[in-house]
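Here is the structure we will look at.
There are 2 protein chains.
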Amino acid sequence: MLSQKTKYALKALLYLAEQDVNHISKTVEIAEAASIPKKFLEQILLDLKRGHFVGSKQGKFGGYYLLKSKNDITLADIHRLFDGAIALLPCASLNFYERCSDCVDESECLLRHGLITIREETLKAMQGITIASLVKK
Amino acid sequence: MLSQKTKYALKALLYLAEQDVNHISKTVEIAEAASIPKKFLEQILLDLKRGHFVGSKQGKFGGYYLLKSKNDITLADIHRLFDGAIALLPCASLNFYERCSDCVDESECLLRHGLITIREETLKAMQGITIASLVKK
DNA sequence: TTAAACCCTACTAGTTTTATAGAATTAATT
DNA sequence: AATTAATTCTATAAAACTAGTAGGGTTTAA
């Protein structure tokens, strides 16, 4: 399941994607439009900025805007930024790989094989969902 | 990500699937073979029993055994039993549906549409992984 | 009757999640 | 230069969840 943070991040990105190009959105504006607690959204937007998904302008009349194209921001990206691995266990993860402490021989782990299959399929599905594809529907 | 409980449940089921038919496995036996804390495993096996995946025999020389066929226990089943919904948000879930409190018109929620697609694809993938398919590989 | 197993409920320590608070920094306007 | 309005940063806190422990109770075979 997605965390609230990931859900809010996606809603915020959807809001930004729906604005005119060159429009800059204030945090409070996004917060109200998408029903997100303002101070919580601040942190989320900062994380999105550090992830290079959005850009910001500081000071008066500042705000946020999409940095990447709507087509290049996928559900997989945002999931990884806020909720981490797509895989169901760290040992089956590409980006968040970690060995199981209790695992004697990873290459012979019955569970891992299946989880790698699942990861490949869900990753593909999640990479198919972009901010653009969501806005379009 | 899977919780430890789900991971342990799968490992326990894999162990049971590898035993001879008619063999009955004690908790302590499974716990040692699969490196699972015994008292924790007790709870997990009880949950699996309540979910009708395993059966038990009480008293001396009792233990656990697979109730369903290896082919009929899927990753989706076990995920749902211990970790709940397959979907990424409750509003996109089949078995754990819940409305978003902040959602005005669900049918027009941009996010939900994409999440339903994802759920359909991951569910299909997770239903394709069975205890039998894991043991076989 | 005893031993060995499952069954059941409660509890706890630690972690994670979901925020909130408040001050610092930046930039445009007056 | 002062003011205002915005982002940026760090710390804190309450609630929920996770992973595991504890301690019995119940059942069955010998």
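Chains as they are written, first to last, in our numbering: chain A, 4 to 140; chain B, 4 to 140. Ideal placement from N, C-alpha and C gives every residue a C-beta, glycine not left out.
Backbone secondary structure at residue i - three-state DSSP
| i | result |
| --- | --- |
| residue 11 of chain B | helix |
| residue 100 of chain A | coil |
| residue 28 of chain B | strand |
| residue 110 of chain A | helix |
| residue 69 of chain B | strand |
| residue 63 of chain B | coil |
| residue 131 of chain B | helix |
| residue 87 of chain A | coil |
Own chain residues within Cβ distance below 8 Å of residue i, not counting five before or after
| i | result |
| --- | --- |
| residue 27 of chain B | 60, 64, 65, 66, 67, 68 |
| residue 16 of chain A | 51, 56, 57, 69, 76, 81, 134 |
| residue 129 of chain B | 77, 78, 79, 82, 89 |
| residue 109 of chain A | 94, 102, 103, 115 |
| residue 91 of chain A | 118, 121, 122 |
| residue 6 of chain B | 85, 86 |
Terminal residues of the alpha helix (DSSP H) in which residue i lies
| i | result |
| --- | --- |
| residue 1 of chain B | Not covered by the structure: residue 1 of chain B. The range shown for chain B is 4 to 140. |
| residue 52 of chain A | 41–53 |
Exposure of residue i, with buried meaning 16 or more beta-carbon neighbours within 10 Å
| i | result |
| --- | --- |
| residue 78 of chain A | buried |
| residue 117 of chain A | buried |
| residue 102 of chain B | exposed |
| residue 97 of chain B | exposed |
| residue 122 of chain B | buried |
Spatial neighbours of residue i in its chain, beta-carbon cut-off 7 Å, leaving aside the 5 residues before and after
| i | result |
| --- | --- |
| residue 9 of chain B | 81, 82, 85, 86 |
| residue 22 of chain A | 28 |
| residue 99 of chain A | 87, 88, 93 |
| residue 12 of chain B | 47, 51, 81, 85 |
| residue 73 of chain B | 20, 133, 134, 135, 138 |
| residue 126 of chain A | 79, 89 |
| residue 31 of chain B | 41 |
| residue 44 of chain A | 11, 15, 30, 33, 34 |
Cβ neighbours of residue i in the same chain (closer than 6 Å, five flanking residues each side left out)
| i | result |
| --- | --- |
| residue 14 of chain B | 37 |
| residue 115 of chain A | 94, 95 |
| residue 18 of chain A | 33, 36, 37 |
| residue 71 of chain A | 56 |
Closer than 8 Å, Cβ to any Cβ of chain B: which residues of the stretch 33–67 of chain A, in chain order?
38
Using a Cβ-Cβ cutoff of 9 Å, what residues of the stretch 4–17 of chain A are near chain B? List them in chain order.
4, 5, 9, 10, 13, 14, 17
Against chain A, which members of the stretch 66–99 of chain B pass a CB distance test of less than 7 Å?
78, 88, 91, 92
Between the stretch 100–118 of chain A and chain B, which residues of the former have a C-beta closer than 7 Å to a C-beta of the latter?
105, 113, 114, 116, 117
Check each residue of the stretch 123–135 of chain A: if its Cβ is closer than 7 Å to any Cβ of chain B, include it; give the result in chain order.
124, 125, 128, 129, 132
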